[in-house]
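Student:
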Amino acid sequence: MAVIQNTAVCALLFAVAATIVSTAQARIYFEDDFDTHQEEFVRWIRSEAKRGDDTSYDGEFKIELVDNKTETTEDNYAMVATQANQHYALSCIADMFEFQDKPLVVQYSVRFQQPMACGGSYMKLIAADEARDLSLGNLKDDTLYSILFGPDKCGGDHNLRFIFQFKNPTTGTYREVHANAIPNIQTLIYMDKKSHLVTLILEPNNNFQIQVDENQVAAGKLGSVDDFSERTLIPQKTIDDPDDSKPEDWVDDKEIDDPADVKPGDWVEEAQIEDPSAVKPDDWDDDMDGDWEPPTIANPEYKGVFKAKRIENTAYKGIWRPKQLDNPEYFVETNPFSKLLSIVAVSFELWTITEGTAYDDIIITDDLDEATAAAKAWRKQRDVQDTIEGSGSFMIDTFNKVSTATKEKPWLWGVYALVLFVPIYFLFFATSSESHPQAKAPSTEAAKSEDKIEEEEEEEEEEEDKKEETKDE
Ligand SMILES: [Ca+2]
C-alpha cells in the first residue's frame, strides 16, 4: 500500500515538474538534485524484492550533505550509497518518455568519495512493458529496462556503460545491445574523488553521444556494428543446422604424402649405433660386471626420419561446415531509435563493494539546453572542488580536456606543442643570451669540459681496442 501511495505521489510530482519547462517544446521527464526535495526522498521506492540469486537489496541510499556552503555555492546534498558490500535497488517514476521525434538526454553526476574498488554506478531507465506488471517495490536485477548508462568498475576494468534492451520484432524476446567500451575512462572519472557529470544524448536520427564533464568521450550510430561490436543489435542472418554433421567420408586433408615417393632402401633411420671401435676391457669380469655392451655413438650415416613429399590431395573437399539455416531471430532495423522501449522510471539497481558513492543532478529531458542549464549547479560545485583539491587534480582535468580535444582534432597537438615551446624558448635561450650574457659562461665551460671528457673516453676506448687486437693476433 505504501508503495502505491509513493508511486502516486511521485507520478503527481513529475506531472507537475514536466509542465515547468523553460521553452515551449522542451520537456523534463525527471529531475532531482536532492537539495529542494530532501524531504521528498520518500518518493524514491526501495525494492523489497529478492534478486535472482535470492539475496536482498539491503543497501541503503541516504540523502547526505556532500559539499558545504561557500561564497559561490549553497550546501549541496546528494544521494549516497552508504554501505559497502551491498546490493541496492531504488527507483522513482518518471514522466513517460517515448522514442519518437525528440532526442533523449540523460544526465547525472556521480562522485566516488571513496576510491571505487568494484561496483556499478549506473542508472537503469525502466521500460514500460505491457506484458509485465510494473511495481517498483518489486524492482530487481531482471526488471526490464530500456537503457543502462553510467560508470561500472571492477579491478582494472574501468568502464562507462551504455547498454540498451531491444525487443526482437520477430521473436518478441529482448536483447541487450552493448556499446563499445570507452578507453581511458579511469582518468576521467575514478581517480580524483570529484563530482563528474555523465551525459547520454540519443537523437532521432540514431546519432548518439556520451559526454563526461561536458566533454565528448564517445559518439556513433545507435546499434551500428562499428559502435556496438561487443554485443550487436542485429543477430547473425544464418545459423548452423544443429542436425547436420560431418559425413564420415568427408576428406578435409588438403595435402597427402606422395604415394610415389617411397623410402629408399639405403635410408638410414638409426640415430645411434654401437661404437665399432670400442673394445671390451681386459679386466672386464662378466660374473662381476655383467654382460659387456659397447657404448653407443651418433650414427654418421643417419639421415633423419624419412618424410615423403607432400602433394595436393585430389579427394580434398574443403573445410566442412554445417548447413546454414535462416536464423529465426534475424531481423532488419534501420531506425532502432524509434523502436527503443519507452521509459517510465529511473532506477539504481546495482551492487558495490565500496560505500560513499554520491549521485546528484539527475535530469532526463528531450532538450540538451535543459541539461546544459541543469549542469550549471554541478559546474559551480565542481569549480569549488577543483579549488579545494589543488593543482594535482587540476592537472588531471587539464590533461583530460587536452586529450579529449586532440582525439577529435589531432592537429591540436601541434598547437599545444608550439604554445609550450615558444615561451620556453624565450625564457631559457633568448633571455640567457641577450639579457644575461655572463650567465652563458658557465654553461660554455661546462660544455667544454664535457667535450674533454668525451675525447678522453674515446681515447681510452681506442687504446682498449688496440690491446684486444694484439691479444687476438
Ligand atoms: Ca545536489
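Those letters in the sequence shown? Residues 41 to 513, per the working numbering, in order. Every residue, glycine too, gets a C-beta built ideally from N, C-alpha and C.
Which of the three DSSP states is assigned to I359 in this structure?
Tutor: If DSSP states are grouped into helix, strand and coil, I359 belongs with coil.
Student: Starting from the Cα of A316, find the closest Cα among D323, P340, D400 and Q421 and give me that residue.
Tutor: Here residue 316 is Pro; the residue named in the question, Ala, does not match the sequence. Ranking D323, P340, D400 and Q421 by Cα distance to P316 puts P340 first.
Student: On the DSSP bridge list, what partners appear for R86?
Tutor: R86 is bridged to L130.
Student: Please classify K193: does DSSP put it in a helix, a strand, or coil?
Tutor: Residue state, collapsed to three classes: strand.
Student: Tell me which residue opens and which closes the beta strand (DSSP E) that I222 is part of.
Tutor: No beta strand (DSSP E) contains I222, which DSSP labels as neither H nor E.
Student: Considering only residues of the stretch 302–377, which uninterrupted beta strand (DSSP E) runs meet the minimum length of 3 residues and lie entirely inside it, listed in chain order?
Tutor: Counting only runs of 3 or more, we get 312–314, 336–338, 350–352 and 364–366.
Student: So, at 6 Å on beta carbons, what are the nonlocal neighbours of K207 in its own chain, with the 5 sequence-adjacent residues on each side left out?
Tutor: Excluding residues within five positions, the ones whose Cβ falls inside 6 Å are Y214.
Student: Given this structure, state the Cα-to-Cα distance separating S387 from S87, to the nearest angstrom.
Tutor: Answer to the nearest angstrom: the Cα atoms are 10 Å apart.
Student: Is the stretch 220–238 close to the stretch 130–150, with three or more CB pairs under 8 Å?
Tutor: Segments in contact, yes.
Student: Could you check whether the stretch 410–417 touches the stretch 87–106, counting it as contact only if at least three pairs of C-beta atoms, one from each stretch, sit closer than 8 Å?
Tutor: Result no; under three Cβ-Cβ pairs closer than 8 Å.
Student: Would you kindly work out how many angstroms separate the C-alpha atoms of L200 and D289, rounded to a whole number?
Tutor: Roughly 52 Å separates the two Cα atoms.
Student: Are the CB atoms of E295 and N246 nearer to each other than 8 Å?
Tutor: For E295 and N246, no; Cβs fall outside 8 Å.
Student: Is A398 helix, strand or coil by DSSP?
Tutor: In the structure shown, A398 sits in a strand (DSSP, three-state: E or B).
Student: Going by C-alpha to C-alpha distance, which of K363, F346 and Q421 sits closest to V302?
Tutor: Among K363, F346 and Q421, the Cα nearest to that of V302 belongs to F346.
Student: For ligand 1, any of its heavy atoms closer than 7 Å to the Cβ of A121?
Tutor: No, the beta carbon of A121 sits no closer than 7 Å to any heavy atom of ligand 1.
Student: Does at least one heavy atom of ligand 2 sit under 7 Å from the Cβ of N108?
Tutor: Because ligand 2 does not appear in the structure shown, any question about it cannot be addressed here, the ligands present being ligand 1.
Student: Could you name the residues of the same chain whose beta carbon sits closer than 7 Å to that of L144, not counting the 5 residues immediately before and after it, in chain order?
Tutor: For L144, where only same-chain residues beyond five positions count, the Cβ hits under 7 Å are F137, L242 and D406.
Student: Taking only the alpha-carbon atoms, compute the straight-line gap between Q276 and D267 and give it to the nearest angstrom.
Tutor: If you take the alpha carbons of Q276 and D267, they lie about 17 Å apart.
Student: Ligand 1 and F81: does the residue's C-beta get closer than 7 Å to at least one heavy atom of that ligand?
Tutor: It does not: the Cβ of F81 is nowhere closer than 7 Å to a heavy atom of ligand 1.
Student: Closest to D284 by C-alpha separation, out of T113, F70, Q364 and S186, would be which residue?
Tutor: Taking only the C-alpha atoms, the option nearest D284 is Q364.
Student: Could you tell me which residues DSSP puts in a beta bridge with N108?
Tutor: DSSP, once it has assigned bridges, lists no residue as partnering N108.
Student: Who are the Cβ neighbours of F202 in its own chain at under 7 Å, not counting the five residues just before and after it?
Tutor: So the qualifying residues of the chain are F189, A219, L240 and I250.
Student: From T210 to D169, what distance separates their C-alpha atoms?
Tutor: Approximately 17 Å between the Cα atoms of the pair.
Student: Give the DSSP bridge partners of G13, in chain order.
Tutor: This structure gives no information on residue 13, because the portion of the chain shown stretches from 41 to 513.
Student: Around the Cβ of I403, are there at least 16 other Cβ atoms within 10 angstroms (buried) or fewer (exposed)?
Tutor: Its Cβ being crowded by 16 or more others within 10 Å, I403 is buried.
Student: From which residue to which residue does the beta strand (DSSP E) around F70 run?
Tutor: Per DSSP, F70 belongs to the beta strand (DSSP E) from I68 to D72.
Student: Kindly give me the distance between the Cβ atoms of S161 and D192, rounded to whole angstroms, as I take these residues to be in contact under 8 Å.
Tutor: About 7 Å; that satisfies the 8 Å criterion.
Student: On a Cα-Cα basis, can you pick out the residue from T76, L262, S186 and I68 that is closest to E373?
Tutor: Among T76, L262, S186 and I68, the Cα nearest to that of E373 is on L262.
Student: State the CB to CB distance for the pair D72 and A417, rounded to an integer number of angstroms; the pair is presumed to be in contact (CB under 8 Å).
Tutor: Going by Cβ atoms, the distance from D72 to A417 rounds to 12 Å, so no, they are not a contact pair.
Student: Compute the Euclidean distance between the alpha carbons of L165 and V217, then round it to the nearest angstrom.
Tutor: Distance between the alpha carbons of L165 and V217 is about 15 Å.
Student: Applying the 10 Å Cβ sphere with the 16-neighbour rule, what's the burial state of M156?
Tutor: M156 comes out buried.
Student: Closer than 7 Å to a non-hydrogen atom of ligand 1 - does that hold for the CB of Y117?
Tutor: Checking every heavy atom of ligand 1 against the Cβ of Y117, one is found closer than 7 Å.
Student: How is G177 classed by DSSP in three states: helix, strand or coil?
Tutor: In this structure, G177 counts as helix in the three-state DSSP scheme.
Student: Give me whichever residues DSSP pairs with V120 in a beta bridge.
Tutor: BP columns for V120 point to K102 and A398.
Student: Going by the CB atoms, is the gap between A124 and I393 shorter than 8 Å?
Tutor: Contact flag set, yes.
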